[in-house]
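Q:
Number of protein chains: 2
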Amino acid sequence: MSNSNGTQAVDRAARLLSEVVHASSPVTFTELTATCGLAKSTTSRLMLALERNGLVRRDDHGRFLPGEMFVGFAWRGGADASLVAVARPFLDRLGKATGETINLGVASGFAVEQVAQVDCAHLIRGTNWTGLSVPLHCSAQGKVLLAYGAAHLPPRLERLERRTEKTITSLVSLRVELAGVRARGYAVSDEELQPGLIALAAPVYRYDGTVVAALSVSALASRVTRDSLNTIARRCVAEAAGLSSALGYRPRARKFAP
Amino acid sequence: MSNSNGTQAVDRAARLLSEVVHASSPVTFTELTATCGLAKSTTSRLMLALERNGLVRRDDHGRFLPGEMFVGFAWRGGADASLVAVARPFLDRLGKATGETINLGVASGFAVEQVAQVDCAHLIRGTNWTGLSVPLHCSAQGKVLLAYGAAHLPPRLERLERRTEKTITSLVSLRVELAGVRARGYAVSDEELQPGLIALAAPVYRYDGTVVAALSVSALASRVTRDSLNTIARRCVAEAAGLSSALGYRPRARKFAP
DNA sequence: GGACGTTGTTCCATAAAGTGGAACTATCCT
DNA sequence: AGGATAGTTCCACTTTATGGAACAACGTCC
Numbered sequence: 004m005s006n007s008n009g010t011q012a013v014d015r016a017a018r019l020l021s022e023v024v025h026a027s028s029p030v031t032f033t034e035l036t037a038t039c040g041l042a043k044s045t046t047s048r049l050m051l052a053l054e055r056n057g058l059v060r061r062d063d064h065g066r067f068l069p070g071e072m073f074v075g076f077a078w079r080g081g082a083d084a085s086l087v088a089v090a091r092p093f094l095d096r097l098g099k100a101t102g103e104t105i106n107l108g109v110a111s112g113f114a115v116e117q118v119a120q121v122d123c124a125h126l127i128r129g130t131n132w133t134g135l136s137v138p139l140h141c142s143a144q145g146k147v148l149l150a151y152g153a154a155h156l157p158p159r160l161e162r163l164e165r166r167t168e169k170t171i172t173s174l175v176s177l178r179v180e181l182a183g184v185r186a187r188g189y190a191v192s193d194e195e196l197q198p199g200l201i202a203l204a205a206p207v208y209r210y211d212g213t214v215v216a217a218l219s220v221s222a223l224a225s226r227v228t229r230d231s232l233n234t235i236a237r238r239c240v241a242e243a244a245g246l247s248s249a250l251g252y253r254p255r256a257r258k259f260a261p
Numbered sequence: 004m005s006n007s008n009g010t011q012a013v014d015r016a017a018r019l020l021s022e023v024v025h026a027s028s029p030v031t032f033t034e035l036t037a038t039c040g041l042a043k044s045t046t047s048r049l050m051l052a053l054e055r056n057g058l059v060r061r062d063d064h065g066r067f068l069p070g071e072m073f074v075g076f077a078w079r080g081g082a083d084a085s086l087v088a089v090a091r092p093f094l095d096r097l098g099k100a101t102g103e104t105i106n107l108g109v110a111s112g113f114a115v116e117q118v119a120q121v122d123c124a125h126l127i128r129g130t131n132w133t134g135l136s137v138p139l140h141c142s143a144q145g146k147v148l149l150a151y152g153a154a155h156l157p158p159r160l161e162r163l164e165r166r167t168e169k170t171i172t173s174l175v176s177l178r179v180e181l182a183g184v185r186a187r188g189y190a191v192s193d194e195e196l197q198p199g200l201i202a203l204a205a206p207v208y209r210y211d212g213t214v215v216a217a218l219s220v221s222a223l224a225s226r227v228t229r230d231s232l233n234t235i236a237r238r239c240v241a242e243a244a245g246l247s248s249a250l251g252y253r254p255r256a257r258k259f260a261p
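Spelled out as structure tokens, the structure:
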């Protein structure tokens with residue numbers, strides 16, 4: 004190891020902690036000593052220290068679980084704050100592959116909020132969408148969030164705002180469109196939000212199969228052919244799947260008997 | 004301290020980690036040395052060890068943030084698994100105060116899933132609801148989840164299933180009922196799910212104001228008067244608020260200048 | 001219910017690992 | 001450029017972690 008001087012105890016404690024946190028079920032003392040190859044006494048001392056500091060806690064049977072520090076962090080929404088950090092590499096890769104503008108959006112109220120952006124290579128006039136909200140019914144991201152139940156239209160809505168002449172304005176047509184999105188696995192907004200702008204978006208899932216964000220590629224409509232759109236779609240869906248997997252999503256996970 | 008033998012390094016590291024995780028914004032190296040009163044060299048070594056083990060990471064400015072281990076835990080839904088553990092004391096207290104059966108339910112599909120239960124003192128025949136699903140429209144918990152947007156009825160639904168003669172079966176009446184729930188801050192199901200059974204539920208919020216669960220009190224209708232129902236409602240709402248607060252919810256939080 | 005196997009904690013001599021001051025390097029600010 | 005601030009590496013010193021063994025606490029199996 005390159006530089007592990009004067010931190011044996013901390014490294015060992017971290018190793019133990021890692022075992023507990025990454026395990027899917029409570030971990031026993033004996034499993035820990037075995038996995039980490041430590042003496043019982045050492046394991047005991049370190050685990051007591053971790054427990055004393057709220058890093059692990061013990062269930063009724065004395066098995067170890069992640070402690071208050073982890074649980075508190077998770078409940079305080081620590082994950083949300085780091086969505087962008089986790090997503091960054093995937094956005095970058097998608098940007099490199101397509102050369103277009105990449106955005107990550109989440110549902111916020113009755114709109115899509117952009118939380119991260121990668122600017123395209125051959126950009127004419129860069130709009131920074133970060134922090135902006137776009138409508139649900141006429142953006143690719145919005146359609147994804149609607150289609151997978153991550154966003155909802157305001158109740159009792161009769162008509163959808165017309166943004167361009169291609170905008171879908173009837174609830175019935177939108178419902179059909181959303182079914183298509185679910186069937187294809189991605190959504191397209193072809194000049195429905197802004198004339199000359201085409202965008203494509205794919206869903207990002209988290210551990211429990213819920214869609215939490217939409218990953219989109221936006222380009223000038225004039226620059227995109229049917230073929231290149233297919234290529235972009237494939238890349239975009241792939242990166243969205245990669246990000247989902249980084250967020251703990253395991254598509255149709257199957258449990259095997261132990 | 005009672006028993007802190009042979010763990011100085013781990014304790015110090017945990018202290019540093021705690022500072023980073025509980026801080027609301029990235030923490031600088033200097034702040035850490037100051038707060039924990041450690042030598043620069045010690046702090047540096049310990050923080051490098053924590054970083055190497057994925058417990059903290061550093062932003063562009065070298066400031067410390069909770070690391071992959073925390074973020075991963077949060078994204079994998081670690082919080083959900085511990086909802087029951089966090090909630091237990093609140094359920095117990097509510098059970099003691101009312102002497103009735105207490106349940107905690109979350110939205111799951113188009114129903115309410117019971118994740119925890121405390122049985123009532125003067126129980127005639129104990130039904131264990133844990134793991135069971137109850138409908139959204141005729142249970143107190145379901146009404147709460149619907150009213151606060153934590154659950155949604157299946158789309159294109161025309162009519163609601165009639166469970167008893169008091170069940171609300173029209174969408175319009177239900178919409179009115181839900182407005183009432185939001186106004187009162189709690190929901191009641193008076194023999195709408197099962198004859199002879201009355202239940203009351205209050206919303207549980209998390210850090211971002213989203214409702215994540217419903218806390219309910221169920222009793223035999225014959226045993227409840229208008230007065231006692233009011234008392235129960237007050238206790239139930241209070242415990243739900245306590246739990247919300249434990250989950251990081253701060254009602255209309257106000258930030259003061261530092 | 002008593003004796004054993006299993007599991008986890010405490011004790012203690014040993015030496016290995018952590019400590020902090022100082023020297024050194026990187027970075028920022030004017 | 002030059003000085004201040006922030007952070008890392010070095011190294012002699014000794015405090016602190018280590019692991020074997022004894023001990024304590026449960027479960028559980030006849």
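Those protein sequences? They're chains A and B, same order as listed. Numbering-wise (the working numbering), the first sequence opens with residue 4 and increments by one. Numbering-wise (the working numbering), the second sequence opens with residue 4 and increments by one. Every residue, glycine too, gets a C-beta built ideally from N, C-alpha and C. Treat the numbers as computed from the prediction; the structure is a model and nothing was measured.
(1) On the CB-based measure, 16 or more other CB atoms within 10 Å of its CB, does A/Glu242 come out buried or exposed?
(2) With H, G and I counted as helix, E and B as strand and the rest as coil, what does DSSP make of A/Arg15?
(3) Under a three-way DSSP split, which group does B/Ile171 fall into?
(4) B/Thr234 to B/Leu223, Cα distance in whole Å?
(5) Once DSSP output is grouped into helix, strand and coil, what is the label at B/Leu218?
(6) Which same chain residues end up closer than 8 Å to B/Val87 when comparing Cβ atoms and leaving out the 5 residues on each side of it in sequence?
(7) On the DSSP bridge list, what partners appear for B/Gly108?
(8) Could you have a look at B/Pro92 and say whether DSSP puts it in helix, strand or coil?
(9) Can the beta-carbon of B/Ser192 be found less than 8 Å from the beta-carbon of B/Ser231?
(10) B/Ser247 lies in the alpha helix (DSSP H); which residues open and close that run?
(11) So B/Arg229 packs on B/Leu97, CB below 8 Å; how close in whole Å?
(12) Would you say B/Ala182 reaches chain A, if we count a Cβ-Cβ gap shorter than 8 Å as a contact?
(13) For B/Phe73, which residues in chain A fall below 9 Å Cβ to Cβ?
(14) Applying the 10 Å Cβ sphere with the 16-neighbour rule, what's the burial state of A/Arg162?
(15) Does the beta-carbon of A/Ala17 have 16 or more other beta-carbons within 10 angstroms, so that it is buried, or is it exposed?
(16) Would you mind telling me which residues of chain B sit closer than 8 Å to A/Val89, beta carbon to beta carbon, in chain order?
(17) Determine the extent of the alpha helix (DSSP H) in which B/Arg285 is found, giving its start and end residues.
(18) Does A/Arg128 get closer than 8 Å to chain B when you measure Cβ to Cβ?
(19) With a threshold of 8 Å between beta carbons, is A/Tyr210 in contact with chain B?
(20) Contact criterion: CB-CB distance below 8 Å. Does B/Arg257 meet it with respect to chain A?
(21) Taking the runs of the beta strand (DSSP E) that are 3 residues or longer, which of them lie wholly in the region 20-104 of chain B?
(22) Can B/Phe76 and B/Val30 be called in contact, C-beta distance under 8 Å?
(23) Quick one: list the residues of chain B neighbouring A/Pro69, beta-carbon separation under 7 Å, in chain order.
(24) Taking B/Arg159 as the reference, which of A/Glu34, A/Arg178, A/Ala244 has the closest Cα?
(25) Please work out which residues of its chain come closer than 6 Å, Cβ to Cβ, to A/Ala12, disregarding the five sequence neighbours upstream and downstream, and give them in chain order.
(26) Can you tell me whether DSSP reads A/Ser142 as helix, strand or coil?
(27) Helix, strand or coil: which one does DSSP assign to B/Ala153?
(28) So is B/His140 buried or exposed if we call it buried at 16+ other beta carbons inside 10 Å?
(29) Between A/Arg128 and the rest of its own chain, which residues show a CB-CB distance below 8 Å, the 5 nearest in sequence each way excluded?
(30) Taking the alpha-carbon of B/Lys169 as reference, which of B/Ala154, B/Gln197, B/Leu148, B/Ala186 has the nearest alpha-carbon?
A: According to the structure shown:
(1) Burial state of A/Glu242 is buried, judged by a 10 Å Cβ sphere holding 16 or more other Cβ atoms.
(2) If DSSP states are grouped into helix, strand and coil, A/Arg15 belongs with the helices.
(3) Residue state, collapsed to three classes: coil.
(4) Using only the alpha carbons, I get a separation of about 16 Å.
(5) Secondary structure of B/Leu218 (DSSP, three-state): strand.
(6) Only Leu107, Val118, Ala119 meet the Cβ criterion.
(7) Under the DSSP definition of a beta bridge, B/Gly108 partners with B/Gln117, B/Ala217.
(8) Three-state DSSP puts B/Pro92 in a helix.
(9) Not a contact, by the Cβ cut-off of 8 Å.
(10) Taken as a continuous stretch (DSSP letters only), the alpha helix (DSSP H) holding B/Ser247 covers 229-249.
(11) Contact flag wrong, Cβ pair sits at about 20 Å.
(12) Not a single C-beta of chain A is nearer than 8 Å to the C-beta of B/Ala182.
(13) Contact of B/Phe73 with chain A by beta-carbon distance below 9 Å involves Val24, Met72, Phe73, Phe76, Ala77, Gly81, Ala82, Ser85.
(14) Around the Cβ of A/Arg162, a 10 Å sphere holds fewer than 16 other Cβ atoms; the residue is exposed.
(15) So A/Ala17 ends up on the buried side.
(16) Within chain B, the residues near A/Val89 are Val74, Trp78.
(17) Outside the displayed span of chain B (4 to 261) sits residue 285 of chain B, for which this structure offers no information.
(18) Only weak support is given to the placement of A/Arg128: the predicted model assigns it a pLDDT of 46, under 50, and the value that follows is read from those uncertain coordinates. The Cβ of A/Arg128 sits no closer than 8 Å to any Cβ of chain B.
(19) Closer than 8 Å to the CB of A/Tyr210 there is at least one CB belonging to chain B.
(20) Note that B/Arg257 scores 38 on pLDDT, short of 50, meaning its location in the model is unreliable; the coordinates nonetheless yield the value given after this. No, B/Arg257 lies away from the interface with chain A (no Cβ there is under 8 Å from its Cβ).
(21) Runs of the beta strand (DSSP E) inside the region 20-104 of chain B: 59-61, 67-69.
(22) At a Cβ-Cβ threshold of 8 Å, B/Phe76 and B/Val30 do not count as neighbours.
(23) Result: Phe76, Gly81.
(24) The residue among A/Glu34, A/Arg178, A/Ala244 with its C-alpha nearest the C-alpha of B/Arg159 is A/Arg178.
(25) Here the set comprises nothing.
(26) Annotated three-state conformation of A/Ser142 is coil, per DSSP.
(27) Residue state, collapsed to three classes: coil.
(28) Result: buried.
(29) Here A/Arg128 scores only 46 on pLDDT, less than 50, and its place in the model is too uncertain to base an answer on.
(30) When only C-alpha atoms are compared, the closest one is B/Gln197.
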